[in-house]
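Enquirer: One structure follows; several queries about it will come next.
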Amino acid sequence: MQALVTTSSPPVWKFHDSSDIVAELNPRQRPSSDDVTKYNMHETLEKDIDADWSIPSGGSYFFPQASGPLAYDKIYRGIVSTEGFKAHDPNADFGNSMYNHTATGSWLVPAQPPITRLEWAARPQTHDQPAIQHLDWFRGHSYSHGVTPFADGKDEESTSGDINFHYALTLFGRATNNHELANVGSLMLRLNARVVKTYSVMTNVNRAQPTNFRGNKVKGILFDNIAD
């Protein structure tokens, strides 16, 4: 992955990937046509889609009756949980109130209501918010701990959370025919997959980590200042 700056005014970042990298998570074995017929998968799926769904709002994360409903932050212009403010705990909801979205983004994608959160996290336009707040393009991954300080610097807490958020974002864009969202998600996914292979999964020829550390093959948590 190469990042190039154009000579236009204003300058624009352009990303070019000169090699292919696998960034799909396909099932090991697709269901056979016989299984689809035997278990009435098509009919069951159609009934589920067309059915009337009633979701109790008492404990729902997306309604005011929930213990920590979502709120719009006018300072950073993002959507966060209010649980951390109510409890005076920056770690509540996995730090979501403090913009620690690295470990929770992929969990929220399967539900339709978080589309506003997806737009906030991965939207390339900047007319009403900073562009793509979820990802550090220079390092190629997101950060844990949000806007809170940490002794050893910020960390990339969860490679699986990172990868699956970008993958879910890509699939969501495809499923909703939102080509811009799908393309941005695919770019983030490919960049993040390359970063994980470089910094987290260490081969014998890895040049990013010290020689005496490569034998671990896989690192734990990568901070700004240390690697566990």
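Under the UniProt record's numbering, the first residue of the sequence shown is numbered 1, with each subsequent residue one higher.
C-beta atoms are modelled at their ideal positions from N, C-alpha and C, and glycine is treated no differently.
Since we're looking at a predicted model, the values are computed, not measured.
1) In the DSSP assignment, what residue or residues form a beta bridge with Glu156?
2) What residue range does the alpha helix (DSSP H) around Ile49 cover?
3) Within a Cβ cutoff of 7 Å, which residues of the same chain sit near Asn170, ignoring the five residues on either side of it in sequence?
4) Looking only at its own chain, which residues have a Cβ that is under 8 Å from the Cβ of Asp152, when we skip the five neighbours before and after it?
5) Starting from Ser200 and walking both ways along the alpha helix (DSSP H), at which residues does that stretch end?
6) Would you kindly check if the distance between the Cβ of Trp137 and the Cβ of Leu70 is under 9 Å?
7) Whole angstroms are fine: how far does the CA of Phe172 sit from the CA of Ser142?
8) Only counting runs of 3 or more residues, tell me where the beta strand (DSSP E) segments fall wholly within the UniProt domain "Glycosyl hydrolase family 81 C-terminal" (65-100), in order along the chain.
9) Measuring straight from C-alpha to C-alpha, what distance separates Thr44 and Arg30?
10) Confirm, please, whether the CB-CB distance from Glu156 to Tyr99 is below 9 Å.
11) Name the DSSP bridge partner or partners of Asp136?
12) Cα separation between Ala111 and Thr211?
13) With a Cβ-Cβ cutoff of 9 Å, do Ser160 and Ser144 count as a contact?
14) In this structure, how does DSSP classify residue 229 when only helix, strand and coil are distinguished?
15) For Gly68 versus Gly84, is the C-beta distance shorter than 9 Å?
16) How many Å lie between Asn206 and Val196 at the Cα?
17) Where do the ends of the alpha helix (DSSP H) carrying Val36 lie?
18) Where do the N-terminal and C-terminal ends of the alpha helix (DSSP H) with Thr211 fall, by residue?
19) Measure the alpha-carbon distance for Lys86 versus Ile75 and round it to whole angstroms.
20) Are the CB atoms of Asp50 and Met41 nearer to each other than 9 Å?
21) Going by DSSP, what residues sit across from Ala227 in a beta bridge?
Expert: Inspection of the coordinates gives the following:
1) Here residue 156 corresponds to residue number 156 of the sequence shown, with the count starting at 1. In the DSSP assignment, Glu156 is bridged to Leu222.
2) Mapped onto the sequence shown, residue 49 falls at position 49. Residues 41-50.
3) For the purposes of this step, residue 170 is taken as the residue at position 170 of the sequence shown. Rather than Asn, the amino acid found at residue 170 in this sequence is Thr. Within the same chain, Thr170 has close Cβ partners Ala182, Gly185, Ser186, Leu189.
4) For the purposes of this step, residue 152 is taken as the residue at position 152 of the sequence shown. Phe223, Asp224, Asn225, Ile226, listed in sequence order.
5) For the purposes of this step, residue 200 is taken as residue 200 along the sequence shown, with counting starting at 1. That residue, Ser200, is in no alpha helix (DSSP H); it is neither H nor E in DSSP.
6) Residue numbering aside, residue 70 sits at position 70 when the sequence shown is read from its first letter. Residue numbering aside, residue 137 sits at position 137 when the sequence shown is read from its first letter. Contact: no.
7) By 1-based counting over the sequence shown, the position of residue 142 is 142. By 1-based counting over the sequence shown, the position of residue 172 is 172. So the alpha carbons of these two residues sit roughly 19 Å apart.
8) 70-73, 78-81
9) Position 44 of the sequence shown, counting from 1, holds the residue named residue 44. Position 30 of the sequence shown, counting from 1, holds the residue named residue 30. One C-alpha to the other measures close to 18 Å.
10) By 1-based counting over the sequence shown, the position of residue 99 is 99. By 1-based counting over the sequence shown, the position of residue 156 is 156. No, the Cβ-Cβ distance between Tyr99 and Glu156 is not below 9 Å.
11) Your numbering for residue 136 matches position 136 in the sequence shown. The partner list for Asp136 (beta bridge, DSSP) reads His141.
12) Here residue 111 corresponds to residue number 111 of the sequence shown, with the count starting at 1. Here residue 211 corresponds to residue number 211 of the sequence shown, with the count starting at 1. With a pLDDT of only 49 at Ala111, under 50, the local geometry of the prediction cannot be trusted, and no value is derived from it.
13) One-based indexing of the sequence shown puts residue 160 at position 160. One-based indexing of the sequence shown puts residue 144 at position 144. For Ser160 and Ser144, no; Cβs fall outside 9 Å.
14) Any property of residue 229 remains undetermined from this structure, which presents the chain solely from 1 to 228.
15) Here residue 68 refers to the residue found at position 68 when the sequence shown is read from its first residue. Here residue 84 refers to the residue found at position 84 when the sequence shown is read from its first residue. Yes, the pair counts as a contact, with Cβ atoms nearer than the cut-off.
16) The sequence position of residue 206 within the sequence shown is 206, counting from 1. The sequence position of residue 196 within the sequence shown is 196, counting from 1. The alpha-carbon atoms of Asn206 and Val196 are separated by roughly 12 Å.
17) Taking the sequence shown and counting its residues from 1, the one referred to as residue 36 is at position 36. 33-38 is the extent of the alpha helix (DSSP H) around Val36.
18) Against the sequence shown, residue 211 aligns to sequence position 211. Element bounds for Thr211: 211-214.
19) Counting from one through the sequence shown, the residue named residue 86 turns up at place 86. Counting from one through the sequence shown, the residue named residue 75 turns up at place 75. So the alpha carbons of these two residues sit roughly 18 Å apart.
20) The residue you call residue 50 lines up with position 50 of the sequence shown. The residue you call residue 41 lines up with position 41 of the sequence shown. No, Cβ-Cβ distance for Asp50 and Met41 is not below 9 Å.
21) Here residue 227 corresponds to residue number 227 of the sequence shown, with the count starting at 1. DSSP, once it has assigned bridges, lists Leu222 as partnering Ala227.
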